[in-house]
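Participant:
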Amino acid sequence: MHPLFSQVLSQRDLSRAGDLFSLQDAQIEDCLSQALEQIKAISCSPDYLTNDNDQAVVEICITRITTAIRGSGSIERHGAALVGLWESCLEHRLAPQGESHEDTPHAKIASDITSCHTSVYVTDGALRFLLHPLPPLRFL
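Count along the sequence shown starting at 1, add 1289, and that's the number in our numbering.
1) Measuring alpha carbon to alpha carbon, tell me which residue in Gln-1327, Ser-1332, Glu-1388, Ile-1351 is nearest Leu-1403.
2) Quick check: the Cα distance between Ser-1389 and Leu-1338, rounded to an integer number of angstroms?
3) Check whether the stretch 1328–1337 and the stretch 1367–1375 touch, using three or more Cβ-Cβ pairs below 8 Å as the test.
4) I'd like the list of long-range same chain contacts for Glu-1348, defined as Cβ closer than 7 Å, with 5 residues on each side in sequence excluded.
5) If we ignore side chains and look at the alpha-carbon of each, how far apart do Gly-1307 and Met-1290 end up?
6) Does DSSP put Arg-1301 in a helix, in a strand, or in coil?
What follows is the structure in structure tokens.
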């Protein structure tokens, strides 16, 4: 994994997360699936819903990853890791609770991944990942 991605994800280093955008897509393309797996572990941790720092780090990293996937056209290479993270979000509450109309942290992740899938070049491989059999959505 690229050293900066490793630092940001392993240390949940929000102060360095923005620096990921200074890297060229080619510098990080090989480690995107591994970074997605690490994001999955972070987002599945018991305190993720209450940890604003972790949520911000994950949001920035996902934005950088999906930007790199779009830029490099590597959806087929990293599609399985994207789908794995997306499926893990379905195990959590996606609908807002109470008076809040704000998306839950897991809904934000799922939305970013869905957006990436639908906005990339629609090749046979990308379409195969997009149409991957998914479990039913749970909104309650």
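Here a beta-carbon is modelled for each residue, glycine too, at the ideal position from N, C-alpha and C.
Facilitator: Reading it off the structure:
1) Taking the sequence shown and counting its residues from 1, the one referred to as residue 1403 is at position 114. The sequence as given places Thr at residue 1403; Leu does not occur at that position. It is Ile-1351.
2) Counted from its first residue, the sequence shown places residue 1389 at position 100. Counted from its first residue, the sequence shown places residue 1338 at position 49. The straight-line gap from Cα to Cα measures roughly 14 Å.
3) yes
4) Here the question's residue 1348 lines up with position 59 in the sequence shown. These residues qualify, in order along the chain: Lys-1397.
5) Sequence index remark: in the sequence shown, residue 1307 carries index 18 (1-based). Sequence index remark: in the sequence shown, residue 1290 carries index 1 (1-based). Between Gly-1307 and Met-1290, the C-alpha separation is close to 17 Å.
6) Working through the sequence shown from its first residue, we reach residue 1301 at position 12. Coil, per DSSP.
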